[in-house]
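Chemist: Pasting a structure below so you can have a look.
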Amino acid sequence: MNGAESLVSTLLAGGIDTCFANPGTSEMHFVAALDRIPGMRCVLGLFEGVVSGAADGYARMAGRPAATLFHCGPGLANALANLHNGRRASTRMVNIVGDQATYHRPLDAPLTADTEGWARGVSGWVRTATSAATVGRDAAVAIQAARTEPGTIATLILPADTAWTEGGEIGAKLPVPARTEADPLAVRNVAAVLRRGEPTVLLLGGDATDAAGLEAAHRIAAATGASLMAMGSNARMARGQGRVFVNRIPYPVDQAVQAMAGFRHVILVGARAPVIFFAYPGKPGSPLAPGAELHVLTRPEQDPRAALARLAEELGAPRAPVPDAGPRPEPARGALTPETVAQTLAALLPEGAVVADESITYGRGFFPGTRAAAPHDWLQVMGGAIGGGPPMATGAAVGAPGRRVINTQADGSAMYTLQALWTQARERLDVTTVIFANRKYQILLGELANVGANPGRTALDMLDLGNPDLDWVSLARGMGVEAAGAESCEGFADLLAASLRRKGPFLIALAV
Ligand SMILES: Cc1ncc(C[n+]2csc(CCOP(=O)(O)OP(=O)(O)O)c2C)c(N)n1
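Residue numbering for the sequence shown follows the numbering used here, beginning at 153 and increasing consecutively.
Next comes the structure, spelled out in structure tokens:
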């Protein structure tokens, strides 16, 4: 057994059976080992940003890490933005980065780069393998690191000779530390804050936004009068009929400040302290009201659902029925607007759908409008690096077979990683991509005003995607994905319903 074979066997033994990949020369032995050892599903992405974003979406749905395969420092560098997004989502992932053979590195061949350095900025764990005999053990440690709460990205750099040399040994699966409980003192402190009856919000993130977490939070809110809110972006939120509805902190600074204005206490439950995305002249960096106090129920590595259950006990909060979301709406008619698009989504989302959302400005208000949809999960790009949506949808479809993925997708962001469509076609993934073709970087038009810049023609041209217009239907078809455009709600509803009836990917371009 060579090092590469021991590595593949170690990944399989550690519960990793899916590898998103874009290989090169230094990974050929790893690729050959994938052939010889059955059990690993390999998914090719035609750009490393697709590979890393897909691994992010996969892990969020499958609940276990995927492996990735990248080629040398530059291949890893192409993956960085979506690795950054994955890191912000606390996604579990094991990157294998092939690299120059140990003895070839000193010759400084063209692809030689600071692979470790580039890996460090996006990884919670980094190691360069030194021999075929130890690479299996290295991989076992990488898996352990990735799976340890709150979850991280582990990057194992694989010099080519550690892959092709004989003498590999399979690394035994290593134990993952159990998730820690919230500190009893934190539970009592938060209970004391809630008993005061002052305006308080429970800010939910991480696992607190799954169905059980939301129900436990609602139980506390119902008993104490506290409000519930979710972070601006969430890795995965359970939504729709039968689920507790919570809205998110809005993106625009003034709206975020307004949303938090009334709260004297903000209790973090699996969430980070809220922050405004950017600095704006004369505006605050935090949306918290002046004098508001932050309290921590759980740190990221702790289980927020268990903490909420203990908090409910501490408060003697009785079980509270989930508020009725109201009837599922009919598909909207007439002009496409954010509201009518949300209504149509709410009408047609199938039960168990997964929404991979990178709708940027168009979808800002989608949450209230999709409240009464069938039960579904909603995934968002977590690190603010655009181009996460199509890959995330692709990986989510691999990680949740049998569930339709709807990628609600802004046009400018889509162009970063559109080749994810090709992977969707090749793997026959059940993804419906809905492009909001507003033909501009709409968000940046607002940001120009917010930062106080005075735009001229050149600045405005930088935000215009309409010259030339992007032909979404041709772009999709060119990658093997059927597609059609719509200009009205009726057209959208027809296409969406048709896409749900068929197997495989479909793209709908909405002229908005
Ligand atoms: C990797 C990366 N590059 C650039 C940006 C800056 N940026 C933020 S939003 C945006 C444009 C988004 O346009 P689009 O996806 O069309 O959405 P819209 O604003 O029109 O709703 C850009 C370029 C970013 N956030 N991340």
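Every residue, glycine too, gets a C-beta built ideally from N, C-alpha and C.
Given P607, which residues of its chain have a CB within under 7 Å of its CB, disregarding the five upstream and five downstream residues?
Modeler: Counting from 1 along the sequence shown, the entry for residue 607 is found at position 455. Closer than 7 Å at Cβ, skipping near neighbours: L600.
Chemist: In three-state DSSP terms, what is E321?
Modeler: As a first step, residue 321 must be located in the sequence shown, where it is residue number 169. In this structure, E321 counts as coil in the three-state DSSP scheme.
Chemist: Skipping 5 residues on each side, what residues in its chain have a beta carbon closer than 6 Å to that of A477?
Modeler: The count along the sequence shown starts at 1 and reaches residue 477 at position 325. Within the same chain, A477 has close Cβ partners Q393, R523 and A524.
Chemist: Does DSSP put Q252 in a helix, a strand or coil?
Modeler: Mapped onto the sequence shown, residue 252 falls at position 100. Looking at Q252 - three-state DSSP - the assignment turns out to be coil, as it is neither helix nor strand.
Chemist: Inspect the beta-carbon positions of A375 and A464 and report whether they are closer than 9 Å.
Modeler: Walking along the sequence shown from the start, residue 375 turns up at place 223. Walking along the sequence shown from the start, residue 464 turns up at place 312. Yes.
Chemist: Who are M381's beta bridge partners in DSSP?
Modeler: In the sequence shown, the residue the question calls residue 381 occupies position 229. DSSP output for M381 lists L355 as bridge partner(s).
Chemist: Could you check whether G238 and I309 sit closer than 9 Å to each other, using their CB atoms as the reference points?
Modeler: Looking up residue 309 in the sequence shown gives position 157. Looking up residue 238 in the sequence shown gives position 86. Cβ atoms of I309 and G238: not closer than 9 Å.
Chemist: How close, in whole Å, do the beta carbons of P311 and D251 come, if the pair is a contact with beta carbons under 8 Å?
Modeler: Within the sequence shown, the letter at position 159 stands for residue 311. Within the sequence shown, the letter at position 99 stands for residue 251. That belief holds up - the Cβ atoms of P311 and D251 are roughly 5 Å apart, short of 8 Å.
Chemist: So is the beta-carbon of Q532 under 8 Å away from any non-hydrogen atom of ligand 1?
Modeler: Here residue 532 corresponds to residue number 380 of the sequence shown, with the count starting at 1. No.
Chemist: Output the distance between the C-alpha atoms of A387 and L531, rounded to the nearest integer angstrom.
Modeler: Here the question's residue 387 lines up with position 235 in the sequence shown. Here the question's residue 531 lines up with position 379 in the sequence shown. Straight-line Cα distance between these residues: approximately 5 Å.
Chemist: If we ignore side chains and look at the alpha-carbon of each, how far apart do V409 and E579 end up?
Modeler: Within the sequence shown, the letter at position 257 stands for residue 409. Within the sequence shown, the letter at position 427 stands for residue 579. Cα to Cα, the separation comes out at about 44 Å.
Chemist: Using beta-carbon positions only, say whether A562 and A508 come within less than 9 Å of one another.
Modeler: For this step, residue 562 is matched to residue 410 along the sequence shown. For this step, residue 508 is matched to residue 356 along the sequence shown. No, the Cβ-Cβ distance between A562 and A508 is not below 9 Å.
Chemist: Within 10 angstroms of its Cβ, does V603 collect 16 or more other Cβ (buried), or is it exposed?
Modeler: For the purposes of this step, residue 603 is taken as the residue at position 451 of the sequence shown. Exposed, since its Cβ has fewer than 16 Cβ neighbours within 10 Å.
Chemist: Quickly, what does DSSP pair L531 with across the bridge? List them, please.
Modeler: What you label residue 531 is simply residue 379 of the sequence shown in a count that begins at 1. DSSP output for L531 lists A508 as bridge partner(s).
Chemist: Using beta-carbon positions only, say whether F658 and T585 come within less than 9 Å of one another.
Modeler: Counting from one through the sequence shown, the residue named residue 658 turns up at place 506. Counting from one through the sequence shown, the residue named residue 585 turns up at place 433. Yes; because the gap between Cβ atoms is below 9 Å, this pair is in contact.
Chemist: Going by beta-carbon coordinates alone, are Q576 and G656 separated by less than 9 Å?
Modeler: As a working mapping, residue 576 is identified with position 424 in the sequence shown. As a working mapping, residue 656 is identified with position 504 in the sequence shown. Closer than 9 Å, so yes.
Chemist: In whole angstroms, give me the CA-to-CA distance for G541 and D646.
Modeler: Start at 1 with the first residue of the sequence shown, and residue 541 comes out as number 389. Start at 1 with the first residue of the sequence shown, and residue 646 comes out as number 494. When rounded, the distance between both Cα atoms is 23 Å.
Chemist: Hey, how far is the Cα of A285 from the Cα of E318?
Modeler: As a position in the sequence shown, residue 285 is number 133, starting the count at 1. As a position in the sequence shown, residue 318 is number 166, starting the count at 1. Cα to Cα, the separation comes out at about 8 Å.
Chemist: What does a CB cutoff of less than 6 Å around A373 pick up in its chain, not counting 5 residues either side in sequence?
Modeler: Numbered from 1 along the sequence shown, position 221 holds the residue referred to as residue 373. Same-chain partners within the cutoff: L380.
Chemist: Which residue marks the beginning of the alpha helix (DSSP H) containing F644, and which one marks its end?
Modeler: Against the sequence shown, residue 644 aligns to sequence position 492. C641 to R653 is the extent of the alpha helix (DSSP H) around F644.
Chemist: Which one or two residues does DSSP pair with I558 in a beta bridge?
Modeler: Within the sequence shown, residue 558 is the residue found at index 406, counting from 1. Bridge partners of I558: V507 and T584.
Chemist: In chain order, which beta strand (DSSP E) runs of at least 3 residues are fully inside the region 364-436?
Modeler: Correct list: 379-382, 389-391 and 417-421.
Chemist: Would a C-beta distance cut-off of 9 Å place T254 and A334 closer than the cut-off?
Modeler: What you label residue 254 is simply residue 102 of the sequence shown in a count that begins at 1. What you label residue 334 is simply residue 182 of the sequence shown in a count that begins at 1. Cβ atoms of T254 and A334: not closer than 9 Å.
Chemist: For G414, which residues from the same chain have a beta carbon less than 8 Å from its beta carbon, with the 5 sequence-adjacent residues on both sides left out?
Modeler: Start at 1 with the first residue of the sequence shown, and residue 414 comes out as number 262. P351 and A441, listed in sequence order.
Chemist: Just to confirm before moving on: does the CB-CB distance between L488 and V664 stay below 9 Å?
Modeler: If you number the sequence shown from 1, residue 488 lands on position 336. If you number the sequence shown from 1, residue 664 lands on position 512. A contact, by the Cβ cut-off of 9 Å.
Chemist: Using CA coordinates, which residue listed in P543, A566, R555 and L617 is at the minimum distance from L196?
Modeler: As a first step, residue 196 must be located in the sequence shown, where it is residue number 44. The residue with the shortest Cα to Cα distance from L196 is P543.
Chemist: Would you check if the distance between the CB atom of A156 and the CB atom of A185 is smaller than 9 Å?
Modeler: Within the sequence shown, residue 156 is the residue found at index 4, counting from 1. Within the sequence shown, residue 185 is the residue found at index 33, counting from 1. Contact: yes.
Chemist: Would the beta-carbon of T282 be found less than 8 Å away from any heavy atom of ligand 1?
Modeler: For this step, residue 282 is matched to residue 130 along the sequence shown. No; taking the cut-off as 8 Å, the Cβ of T282 has no heavy atom of ligand 1 nearer than that.
Chemist: Assign F172 to one of two classes, buried (16 or more other C-beta atoms within 10 Å of its C-beta) or exposed (fewer than that).
Modeler: Position 20 of the sequence shown, counted from the first residue, corresponds to residue 172. Per the 10 Å Cβ criterion, buried.
Chemist: Which same chain residues, not among the five before or five after I189, have their C-beta less than 8 Å away from its C-beta?
Modeler: Looking up residue 189 in the sequence shown gives position 37. E157, V160, S161 and L164, listed in sequence order.
Chemist: So, with DSSP's three-state summary, where would you put I595?
Modeler: Here residue 595 refers to the residue found at position 443 when the sequence shown is read from its first residue. In this structure, I595 counts as helix in the three-state DSSP scheme.
Chemist: Which same chain residues, not among the five before or five after A526, have their C-beta less than 8 Å away from its C-beta?
Modeler: Against the sequence shown, residue 526 aligns to sequence position 374. Taken in chain order, the residues that qualify are G392, Q393, R480, L501, P502, E503, G504 and A505.
Chemist: Tell me the DSSP bridge mates of V195?
Modeler: Walking along the sequence shown from the start, residue 195 turns up at place 43. Note: V195 sits in a beta bridge opposite F172.
Chemist: Name, in chain order, the residues that DSSP records as bridge partners for R279.
Modeler: For the purposes of this step, residue 279 is taken as the residue at position 127 of the sequence shown. R279 pairs with L308.
Chemist: Quick one: measure Cβ to Cβ for L460 and I419, integer angstroms, because I've assumed they're closer than 8 Å.
Modeler: Start at 1 with the first residue of the sequence shown, and residue 460 comes out as number 308. Start at 1 with the first residue of the sequence shown, and residue 419 comes out as number 267. So it is not a contact: roughly 10 Å between Cβ atoms.
Chemist: From R347 to G422, what does the alpha carbon distance come to, in whole angstroms?
Modeler: On the sequence shown, residue 347 is found 195 positions in, with the first residue counted as 1. On the sequence shown, residue 422 is found 270 positions in, with the first residue counted as 1. Each residue's alpha carbon lies about 21 Å from the other.
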